[in-house]
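Participant:
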Amino acid sequence: MKLRNGIGIAATLFTFACGALAADPVKIGLILPMTGPFAAYGKQIDHGVRLYLAKHGDTFGGRKIELVVKDDAPGTAGDVSKRLAQELVVKDKVDILAGFGLTPSAFAVAPVATEAKKPMVVMNAATSAVTTKSNYIVRVSMTLPQITAPVATWAAKNGIKKVFTVVADYGPGHDAEGQFKKTFVAGGGEIVGEVRVPVKNADFAPYLQKVKDTRPDAVFVFLPAGELGVSFVKGFRERGLEQAGIKLIATGDLTEEESVDAHGDAAVGVINSFHYAEAHASPENKAFTEAYAKAYPSDRPNFMAVAGYDGMHLIAEVLAKTGGSVDADKFVDTAKGMKWMSPRGPISIDPATRDIVQTVYVRKVQRVGGKLQNVEFDHIDEFKDPGKQ
Ligand code: PHB
46 MKLRNGIGIA ATLFTFACGA LAADPVKIGL ILPMTGPFAA YGKQIDHGVR
96 LYLAKHGDTF GGRKIELVVK DDAPGTAGDV SKRLAQELVV KDKVDILAGF
146 GLTPSAFAVA PVATEAKKPM VVMNAATSAV TTKSNYIVRV SMTLPQITAP
196 VATWAAKNGI KKVFTVVADY GPGHDAEGQF KKTFVAGGGE IVGEVRVPVK
246 NADFAPYLQK VKDTRPDAVF VFLPAGELGV SFVKGFRERG LEQAGIKLIA
296 TGDLTEEESV DAHGDAAVGV INSFHYAEAH ASPENKAFTE AYAKAYPSDR
346 PNFMAVAGYD GMHLIAEVLA KTGGSVDADK FVDTAKGMKW MSPRGPISID
396 PATRDIVQTV YVRKVQRVGG KLQNVEFDHI DEFKDPGKQ
């Protein structure tokens, strides 16, 4: 009797323990700039993640999702991001690290993910090398070489012979500059000038004058999405570079939907390449943009919102496939080769690099129904990061 009772109690405890385990939430630590100059990055990614949960429910593989957001403003200070990641692991006991608006943040947190054995889902930071910094990183956003090569090819094929490049002086800018040069020169073009501008410096006057004096056919520009780009485009028009016959070409960071209204008509005609446009015509994007407009009526969805949405999809799918496991090795193995239809088009995770494979579109900024949009007119399908080759 005593023994039977003992077994009975043990069985009850076992059932209780398993029940409690199954009900344990999966905690995702989102490290994002929520204030400061890059606050829009955090806002858009956070919107995308929450929109996914609102649409698809918040329980996957039997486990509920719990989000813990940490503001790593300004987003460019690696030590801040790293300290927050350590806090999330040790104090908040998160299972997954995610977010990462800017490259310095992702670089700084990578060793924490490796050491703590936590999956790390990168939702923006786009320097090619990010995914090489930890075997637990999976990226759902883009890489700078990936979104730069198509506009370089377009330029070489469309009568542009001489280009001056202007990039932000940090990882993504160096990647953009290097890839533009490689692709454009291989296509028969010539680089007639290169400048790297400080990420914090919004005074483009001296650089623009230098570009004007050099008289290239076009300026290629990469600047992290936001105010820097707005001030560059303003200066470009005010200093008469357009009248001097100089074209403006860019990665889509310059004309993304969070900033394009601030450019106004100054952005019309800018040719750029990118992986997401609010105007992308597909049933998935129609559903996404409509849901976004309903949930966040004062914002326009941009590439970061889609990366947040897709990043949450990746986590949800992995949990569904593994029955709720957050083991980092299992997580990454399950994510490798995963394919799905994103609002941006078809995407997959390269099993060799854990990086995103996607369609990259060449677009032209136009007014559509009164709204400034990036109108796609060409594309490269299943494009892997050329920066890894
Ligand atoms: C980055 O820091 O990796 C980054 C930030 C903003 C962009 C693209 C890349 O628009």
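For the sequence shown, the residue numbers in my numbering are 46 to 434.
For every residue, glycine included, the Cβ atom is placed at its ideal position computed from N, Cα and C.
1. Whose C-alpha, out of 306, 154 and 120, is nearest the C-alpha of residue 412?
2. Quick one: does the C-beta of residue 347 sit closer than 7 Å to a heavy atom of the ligand PHB?
3. Please classify residue 371: is it buried, with 16 or more other beta-carbons within 10 angstroms of its beta-carbon, or exposed?
4. Say the cut is 7 Å; is the CB of residue 328 nearer than that to a heavy atom of the ligand PHB?
5. So which of 168, 287, 253 and 179 has the shortest CA-CA distance to residue 356?
6. Let's see if you can read the secondary structure: which residues bound the alpha helix (DSSP H) around residue 357?
7. Would you say the beta carbon of residue 273 is closer than 7 Å to some non-hydrogen atom of the ligand PHB?
8. Can you tell me the Cα-Cα spacing of residue 311 and residue 266, whole angstroms?
9. I'd like to know whether the C-beta atoms of residue 318 and residue 406 end up nearer to each other than 8 Å.
10. If I follow the unbroken alpha helix (DSSP H) through residue 232, where does it start and stop?
11. Whole angstroms is fine: what's the gap from residue 238's alpha carbon to residue 255's?
12. Say yes only if the C-beta of residue 169 is nearer than 7 Å to one or more non-hydrogen atoms of the ligand PHB, and no if none qualify.
13. Classify residue 422 as buried or exposed, calling it buried when 16 or more other Cβ atoms lie within 10 Å of its own Cβ.
14. Just to confirm, does residue 298 get its C-beta within under 7 Å of one of the non-hydrogen atoms of the ligand PHB?
15. Can you find a heavy atom of the ligand PHB that lies under 7 Å from the Cβ of residue 193?
16. Could you tell me which residues DSSP pairs with residue 424 in its beta bridges?
17. Quick check: what's the CA-CA separation for residue 360 versus residue 108?
18. So, for residue 364: in the same chain, excluding its five sequence neighbours on each side, which residues have a beta-carbon less than 7 Å away from its beta-carbon?
19. If you reduce the DSSP assignment to three classes, tell me which class residue 156 lands in.
20. Return the CA-CA distance between residue 293 and residue 431, expressed in angstroms with no decimal places.
21. By Cβ distance, which residues of its chain are closer than 7 Å to residue 253, with the 5 residues on each side in sequence left out?
22. Touching or not, the segment 257 to 265 and the segment 152 to 172, by the rule of three or more beta carbon pairs under 8 Å?
Facilitator: In short, the structure shows the following:
1. 306
2. no
3. buried
4. no
5. 168
6. 348 to 367
7. no
8. 15 Å
9. yes
10. No alpha helix (DSSP H) contains residue 232, which DSSP labels as neither H nor E.
11. 9 Å
12. yes
13. exposed
14. yes
15. no
16. 406
17. 12 Å
18. 71, 105, 106 and 108
19. helix
20. 23 Å
21. 280, 281, 284 and 286
22. no
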